[in-house]
Amino acid sequence: MRVAVAEKTTKFAGLTLDEKLDRLAEVAVKVGLALRAGQELIMTAPMEALPLARKITEQAYKAGAVLVTTLYSDDPSVLARYEYGPDASFDFAPVWLQDGIANGFRSGAARLAISGANPALLAKQDPAKVSRANVAMSKASKPAMELITRHEINWTIVASATPEWAKLVFPGEREDIAIAKLWEAIFAASRVNVDDPIGEWQRHGERLKKRVDMLNEKRYYALHFKAPGTNLTVGLADDHLWAGGGTMAGNGIYCQPNIPTEECFTTPHKDRVDGTVRASKPLSHQGTLIENITVRFEAGRIVEATATAGKDVLNRLISTDEGARRLGEVALVPHASPIAQSGVLFWNTLFDENAASHIALGQAYSTCLIGGEKMSDAELTARGANSSLIHVDWMIGTGEMDVDGIANDGTAEPLIRKGAWVSQ
Ligand code: ZN
Ligand code: ZN
Numbered sequence: 314m315r316v317a318v319a320e321k322t323t324k325f326a327g328l329t330l331d332e333k334l335d336r337l338a339e340v341a342v343k344v345g346l347a348l349r350a351g352q353e354l355i356m357t358a359p360m361e362a363l364p365l366a367r368k369i370t371e372q373a374y375k376a377g378a379v380l381v382t383t384l385y386s387d388d389p390s391v392l393a394r395y396e397y398g399p400d401a402s403f404d405f406a407p408v409w410l411q412d413g414i415a416n417g418f419r420s421g422a423a424r425l426a427i428s429g430a431n432p433a434l435l436a437k438q439d440p441a442k443v444s445r446a447n448v449a450m451s452k453a454s455k456p457a458m459e460l461i462t463r464h465e466i467n468w469t470i471v472a473s474a475t476p477e478w479a480k481l482v483f484p485g486e487r488e489d490i491a492i493a494k495l496w497e498a499i500f501a502a503s504r505v506n507v508d509d510p511i512g513e514w515q516r517h518g519e520r521l522k523k524r525v526d527m528l529n530e531k532r533y534y535a536l537h538f539k540a541p542g543t544n545l546t547v548g549l550a551d552d553h554l555w556a557g558g559g560t561m562a563g564n565g566i567y568c569q570p571n572i573p574t575e576e577c578f579t580t581p582h583k584d585r586v587d588g589t590v591r592a593s594k595p596l597s598h599q600g601t602l603i604e605n606i607t608v609r610f611e612a613g614r615i616v617e618a619t620a621t622a623g624k625d626v627l628n629r630l631i632s633t634d635e636g637a638r639r640l641g642e643v644a645l646v647p648h649a650s651p652i653a654q655s656g657v658l659f660w661n662t663l664f665d666e667n668a669a670s671h672i673a674l675g676q677a678y679s680t681c682l683i684g685g686e687k688m689s690d691a692e693l694t695a696r697g698a699n700s701s702l703i704h705v706d707w708m709i710g711t712g713e714m715d716v717d718g719i720a721n722d723g724t725a726e727p728l729i730r731k732g733a734w735v736s737q
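First residue of the sequence shown? That's 314 in this note's numbering, and the numbers climb one at a time after it.
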């Protein structure tokens, strides 16, 4: 098997960057979105991701897209707001634009986000302003976000290497080398560095589905996580549903919402989380880096939170609303995932959350409950699903982590030992 992989890797290595970008774009459009002919596509991208955005636009039109509209974000323009904008700016968001996007989704548009903005862009800005701006944006984008989190439409996220992100991931390297290294890491993690990336994604998706089916059959009451610094019991929501490896969207299109994806995830019970958990990686939260997070839960609620850097941002984050102190997601990822094995810390949730088992503060995915898409907010809450303006994943898994599934009668079954799935 090793030989075969090496052969395939060599072939991919022979491609130009332009051809490699085209491969990633093809996977994004055909696998990530499974874009249908006649569909509209709404894309967001950092300015520096222009080459990938263009390739995705080409692939989308080749797949029959009726119109591709891309909204670009520009880092210096974002910083100009913090430097020169009036105080009132930070409680403001373009509601008209977000409503327009939501309308686009309702009339059949697909959604693609290119991730790659500088993770430390706002690190030196006033955390209070950053938080206010985030809250204003979360409120404005709620109608659009709901259509995404309820998987009403086909959507996906892919990443582009960008200069500031690359320099953060590979400090000490020359900029062009750092960018090249980050691109290679993205291609490997996104499983496009093989002969037949579309087929590889099909097989990968099937493996994840098998694991998800097993977990859904077990119907555990809780999960127990044990690792140095961590002793945490996460109760699962009533009627919880495990997901992973692709989603059937409400519009009938089977999409892969994250490229890469390695996780099996579900909805925890918002009132049944107890114990202490230590983050296994730093968290990059909207421009700020939060390091060495340790948190203690009682009856689902964070009662103690510490971090060696970015503690202010962490405290503001968990004070966003009542649900920000509770869990909305729990996810299992083996330490053998290609992203974990790369040893690269990406400072980007899309990658880092697929390198380790993780939990997320805030909003739960209603699709991770049986029949959840059709439930009212009150029905979701009654089953233990959390609600919040935020959804922030942070990594807790390591090569030393053990995870048990706890049955209704309290018996424990080993699921993960030293970071690896017990059953294959
Ligand atoms: Zn996740
Ligand atoms: Zn998440």
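Glycine included, C-beta positions come from ideal geometry on N, C-alpha and C.
Note that the structure is predicted; figures quoted are calculated from it, not measured.
Cutoff 6 angstroms; reference residue i; Cβ partners in own chain excluding five residues on either side
i    : result
E353 : V379, L380, A422
A612 : D584
R315 : The predicted model places R315 with a pLDDT of 47, which falls under 50 and marks its position as unreliable, so this point remains unresolved.
E741 : Residue 741 lies beyond the residue range present for the chain, which begins at 314 and ends at 737; the question has no answer from this structure.
A479 : A491, I492, L495
R524 : C577
A376 : V342, L348
P595 : L602, E604
F538 : L545, V716
M561 : Y567
Cβ-Cβ separation, residue j to residue i (assumed contact under 8 angstroms), whole Å
i    : j    : result
F750 : K442 : Outside the displayed range of the chain (314 to 737) lies residue 750, so it cannot be described from this structure.
V738 : I703 : Any property of residue 738 remains undetermined from this structure, which presents the chain solely from 314 to 737.
A677 : A653 : Not quite, the Cβ-Cβ distance comes to about 25 angstroms (not below 8 angstroms), so this is no contact.
V590 : V608 : 6 angstroms
A733 : A649 : 6 angstroms
E642 : I672 : 7 angstroms
R696 : D587 : With 8 angstroms as the limit, R696 and D587 do not qualify as a contact, their Cβ atoms being about 19 angstroms apart.
P739 : F664 : A question about residue 739 goes unanswered here, because the residues of the chain that appear run from 314 up to 737.
Reduced DSSP secondary structure (H/G/I, E/B, other) of residue i
i    : result
M314 : Here M314 scores only 44 on pLDDT, less than 50, and its place in the model should not be relied on; the value that follows carries that caveat. In this structure, M314 counts as coil in the three-state DSSP scheme.
I499 : helix
D404 : helix
H517 : helix
N447 : helix
G718 : strand
A638 : At residue 638 the sequence reads Arg, which differs from the Ala that was named. Helix at R638.
P432 : coil
R609 : strand
E530 : helix
L346 : helix
G295 : Nothing in the structure corresponds to residue 295, since the chain is present only between 314 and 737.
I566 : coil
N506 : coil
I631 : helix
Contact set for residue i: own chain, Cβ-Cβ below 8 angstroms, skip 5 residues either direction
i    : result
F500 : F325, K333, R336, L337, N506
F418 : I355, R424, A457, L460, I461, E465, I466
E292 : The requested residue 292 does not occur in the structure, where the chain is confined to residues 314 to 737.
L554 : N529, T579, T580, T680, C681, L682, I683, G685
I511 : E339, V340, K343, V344
T724 : none
Sequence-distant residues of its chain with Cβ nearer than 7 angstroms to residue i (five each side left out)
i    : result
A453 : A406, P407, V408, Q411
M450 : A406
Y533 : L549, G718, I719, A720
I369 : A338, A341, V342, M356, L425
Any residue with its C-beta under 6 angstroms from a non-hydrogen atom of ligand 2 counts. Can you list them all in chain order? E642, A673, H704, D706
Please specify which runs of the beta strand (DSSP E), each continuous and at least 3 residues long, are wholly inside the stretch 661 to 711, giving them in chain order. 671 to 675, 704 to 708
Counting only runs that start and end within the stretch 357 to 406, where is the alpha helix (DSSP H) found for 4 or more residues in a row? 363 to 375, 388 to 397
Hey, which unbroken runs of the beta strand (DSSP E) at 3 residues or more fall wholly within the stretch 453 to 503? 468 to 472
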